[in-house]
């Protein structure tokens with residue numbers, strides 16, 4: 457199972473309403489084997505969409521370090537407005553740093569994690585996250601084991617990762633204000649308007 461589609465899914469979600477993305481990289485070197493491919497997925501989506509290279513910051517699981525990363529993202533030119541975090545723990549560190557800087561998600565910085573840990577739903581705002589359907593993965597792996605034991609030929613490609621996004625408040629898609637005004641004037645019935 458590849459980690460790259462996870463980062464790509466995060467980036468596609470945020471790229472719907474953000475023009476500059478950041479990547480919250482873990483500060484534990486042993487996680488690089490997972491973090492690098494996820495970051496590659498974010499990079500590929502940014503390149504496909506004509507967005508700048510993602511601004512990568514290492515985010516420790518402590519308030520001051522996370523706040524420094526947030527400050528750096530906002531100081532970038534152009535500023536980062538959406539963060540793809542390596543996992544939910546890193547995403548929660550970013551979310552936790554925002555109030556100390558007088559900021560809110562998703563208004564000032566949208567954040568999306570990975571893993572759907574229980575604490576993500578309890579965060580303020582609740583964390584948007586990429587979820588792996590482990591039941592589907594387990595069934596695919598079990599099928600390959602049974603097929604191998606039965607002497608059947610096994611495909612060379614990896615078991616497909618079943619991914620979905622659990623959208624919560626931290627990274628809800630939003631219509632940019634000027635686009636909302638233009639579409640509201642054209643009478644688009646599917647338009648949500650902020651007033």
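Residue numbers (my numbering): 457 to 651.
Using N, Cα and C, we set each Cβ at its ideal position, and we do this for glycine too.
Values in this document were obtained by computation on a predicted structure and should not be read as measured data.
Backbone secondary structure at residue 499 - three-state DSSP: Mapped onto the chain shown, residue 499 falls at position 43. Taken through DSSP and simplified to helix, strand or coil, residue 499 comes out as helix.
Straight-line Cα distance separating residue 517 from residue 414: The structure shown does not extend to residue 414, since the chain is modelled only from 457 to 651, so the question has no answer here.
Per-residue DSSP class, three states only, for residue 566: As a working mapping, residue 566 is identified with position 110 in the chain shown. DSSP places residue 566 in strand when its eight states are reduced to three.
The beta strand (DSSP E) enclosing residue 511, as first and last residue numbers: What you label residue 511 is simply residue 55 of the chain shown in a count that begins at 1. Residues 511–515.
Pick from 535, 470 and 609 that is closest to residue 501, judged by C-alpha positions: Walking along the chain shown from the start, residue 501 turns up at place 45. Residue 470 is the option with its Cα nearest to residue 501.
Three-state secondary structure assigned by DSSP to residue 560: Within the chain shown, the letter at position 104 stands for residue 560. Residue 560 falls in the coil class under three-state DSSP.
Helix, strand or coil at residue 546 [DSSP, three-state]: The residue you call residue 546 lines up with position 90 of the chain shown. It is helical.
Own chain, CB closer than 6 Å to residue 459, minus 5 neighbours either side, in chain order: Numbered from its first residue, the chain shown carries residue 459 at position 3. Here the set comprises 490, 493 and 494.
Residue 565 classed as buried or exposed, judged by whether at least 16 other C-beta atoms fall within 10 angstroms: By one-based count along the chain shown, residue 565 stands at place 109. Buried, since its Cβ has 16 or more Cβ neighbours within 10 Å.
Buried versus exposed call for residue 578 [16 or more other C-beta atoms within 10 Å across all chains shown]: As a first step, residue 578 must be located in the chain shown, where it is residue number 122. Around the beta-carbon of residue 578, fewer than 16 other beta-carbon atoms lie within 10 Å, marking it exposed.
Run of the beta strand (DSSP E) containing residue 541, from where it starts to where it stops: As a first step, residue 541 is located in the chain shown; it is residue number 85 there, counting from the start. Start and end: 538–541.
Contact set for residue 554: own chain, Cβ-Cβ below 8 Å, skip 5 residues either direction: In the chain shown, residue 554 corresponds to position 98, counting from 1. Result list for residue 554: 526, 560, 561, 564 and 565, in chain order.
Of the residues 589, 567, 586 and 571, the one placed nearest residue 580, counting alpha carbons only: In the chain shown, the residue the question calls residue 580 occupies position 124. Measuring from the Cα of residue 580, the nearest candidate turns out to be 567.
Close Cβ partners of residue 514 (< 6 Å) along its chain, the five nearest in sequence each way excluded: Taking the first residue of the chain shown as position 1, residue 514 is located at position 58. Hits under 6 Å: 481 and 483.
Neighbour-count burial assignment, residue 602, 16 or more Cβ in a 10 Å radius: Position 146 of the chain shown holds residue 602. Within 10 angstroms of the beta-carbon of residue 602 lie fewer than 16 other beta-carbons, which makes it exposed.
Residue 465 versus residue 498 - alpha carbon distance: Counting from one through the chain shown, the residue named residue 465 turns up at place 9. Counting from one through the chain shown, the residue named residue 498 turns up at place 42. Answer to the nearest angstrom: the Cα atoms are 8 Å apart.
Residue 532 versus residue 468: straight-line alpha-carbon distance, rounded: To locate residue 532, count along the chain shown from 1; it is residue 76. To locate residue 468, count along the chain shown from 1; it is residue 12. Using only the alpha carbons, I get a separation of about 21 Å.
Contacts around residue 496, its chain only, beta-carbon distance under 8 Å, and the 5 residues preceding and following it disregarded: As a first step, residue 496 is located in the chain shown; it is residue number 40 there, counting from the start. Apart from the 5 residues on each side of it in sequence, residue 496 sits with its Cβ closer than 8 Å to the Cβ of 460 and 463 in its chain, given in chain order.
Same chain only: Cβ atoms within 8 Å of residue 634, ignoring 5 sequence neighbours per side: As a position in the chain shown, residue 634 is number 178, starting the count at 1. The predicted model places residue 634 with a pLDDT of 37, which falls under 50 and marks its position as unreliable; any figure quoted below should be read in that light. If the five residues before and after residue 634 are omitted, its C-beta is found closer than 8 Å to no C-beta atom of its own chain.
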